[in-house]
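S.K.: If you scroll down you'll find the structure; I have some questions about it.
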Amino acid sequence: MDTAPDAPQARYYRSQGLRLHYTDWGNPSAPPLILVHGGLDQSRSWDHLARALRGRFHVIAPDLRGHGDSEWATGSSYSLADHVYDLRCLVKSEGLEKFALVGHSMGGMVSLAYAGAFPEQVSRLVVLDGVTNFPARKVKPIDVRIAEWVSDLDKTAQRKAHRYASVADGADRIQARNARLTREQAMHLATHALKQDADGRYSWKFDPYLRARAPYRLSLEDYVALWSRIACPTLLVSGSESFLPDPATAGVLGHFRQAELVRIEGAAHWLQHDKPEEVLKALEGFLAAEAEPALSAEG
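Quick note: the sequence shown uses the working numbering, first residue 1159, plus one each step.
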């Protein structure tokens, strides 16, 4: 449990029978802002940005099903549509009519899909290195996708989970995967991404079956149809050293009504950790119009 004086509150809601967790940073009278993490991540990875934005927004960061402190969906393949429905349930639980939405990686794809399905609800959309489907991408035949999915499920069932003697050991693992992280960042992420088991050792909170990608997915045409329905101003933020293609050259921007692109130099896929101040500056500038009503009310 986070006992810091400025710690956010842990809250829960229900979706498809699952008890799902979200981190609430308070300030409920301010414009709502929802932060959606990426795959195998969790809501507290947003803490640096959330703390900086909580004075102007009601910041809410959910743990997607199978992640963080949310329940695992046993027997599920964790489809994009499931995550969109969970987000819809969170919005209804909070009684939100309109809100700004920020998503990273897989959370970016969830946010794009939500904004396309319910364009009247999203006032501003930010996607951090999260356009993972693009016109040049080669899609494997369905028989290959099914075979790979079955193989992944079998491997996951047989795989021995990574377990650690301490949180520091987990932080070592995180830093090995992203050398740009400071030790402080890695320890913070590990503290919230690990759970202590009955024998005192630590394991990751996420469901290992999240690694098995479902063979049934939205097609590129489906994604493009959703992108074209997004009615709000949209900001795509990419890292110059990301493994994903640059949206500017990948044929993506033309499918949005009003999208702009910001490129963060020296950042890879986890750009909000690699260059947190640059990402925060981009967010603050883009979201400034959202915060103005709250600031006017205070003044």
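Virtual Cβ for every residue (Gly too), placed ideally from N, Cα, C. Source: prediction; values computed, not measured.
(1) For glycine 1288 and threonine 1181, I'd like the C-alpha separation in whole angstroms.
(2) Let me make sure I understand the geometry here. Which of His1320, Gly1175, Arg1209 and Ala1348 has the alpha-carbon closest to that of proline 1163?
(3) Between the alpha carbons of serine 1361 and histidine 1320, how many angstroms are there, rounded?
(4) Please give the ranges of any alpha helix (DSSP H) in the segment 1345-1429, keeping only runs that are unbroken, at least 4 residues long and fully inside the region.
(5) Can you check DSSP and say which residues form a bridge with tyrosine 1170?
(6) Taking the alpha helix (DSSP H) that arginine 1212 falls in, what are its first and last residues?
(7) Check for me: the alpha helix (DSSP H) holding histidine 1241 runs from which residue to which?
(8) Return the chain-ordered list of same chain residues with a C-beta closer than 8 Å to the C-beta of proline 1366, the five sequence neighbours on each side being excluded.
(9) For leucine 1311, which residues of its own chain have a beta-carbon under 6 Å away from its beta-carbon, when the five flanking residues on both sides are left out?
(10) Between leucine 1286 and glycine 1266, how many whole angstroms is the CB-CB distance? I'm expecting something under 8 Å.
(11) Report the residue from Leu1411, Arg1212, Gly1224 and Gln1354 whose alpha carbon sits nearest the alpha carbon of serine 1187.
(12) Would you tell me roughly how many angstroms separate the C-alpha atoms of alanine 1389 and leucine 1222, rounded to the nearest one?
(13) Less than 8 Å between the C-beta atoms of proline 1542 and histidine 1206, yes or no?
(14) With a threshold of 16 other CB atoms inside 10 Å of the CB of proline 1220, please say whether the residue is buried or exposed.
(15) Rounded to whole angstroms, what is the Cα-Cα separation between arginine 1172 and asparagine 1185?
(16) Between Val1249, Ala1372 and Gly1424, which lies nearest to arginine 1338 when the distance is taken from Cα to Cα?
(17) Looking at the structure shown, is glycine 1443 part of a helix, part of a strand, or coil, going by DSSP?
(18) Hey, is the segment 1271-1285 in contact with the segment 1349-1363, meaning 3+ C-beta pairs nearer than 8 Å?
(19) Which same chain residues end up closer than 6 Å to leucine 1453 when comparing Cβ atoms and leaving out the 5 residues on each side of it in sequence?
(20) Tell me, to the nearest whole angstrom, how far the beta carbon of histidine 1427 is from that of serine 1263; I am working on the premise that it is less than 8 Å.
(21) Have a look at Arg1177, Arg1214 and Leu1254 and flag the residue whose alpha-carbon is nearest the alpha-carbon of histidine 1225.
(22) Provide the residue(s) that pair with tyrosine 1322 in DSSP beta bridges, ordered along the chain.
(23) Have a look at tyrosine 1170 and histidine 1350 and give me their C-alpha separation to the nearest angstrom.
M.R.: With the structure as the only source:
(1) 21 Å
(2) Arg1209
(3) 6 Å
(4) 1378-1387
(5) His1179
(6) That residue, arginine 1212, is in no alpha helix (DSSP H); it is neither H nor E in DSSP.
(7) 1238-1252
(8) Thr1314, Arg1317 and Ala1319
(9) Ala1370
(10) 6 Å
(11) Arg1212
(12) 25 Å
(13) Beyond the ends of the chain as shown, which are 1159 and 1457, falls residue 1542; an answer cannot be given.
(14) buried
(15) 23 Å
(16) Gly1424
(17) helix
(18) no
(19) With a pLDDT of 47 at leucine 1453, under the threshold of 50, the predicted position of this residue should be treated as unreliable, though the coordinate-derived value follows. Closer than 6 Å at Cβ, skipping near neighbours: no residue.
(20) 7 Å
(21) Arg1177
(22) Tyr1360
(23) 17 Å
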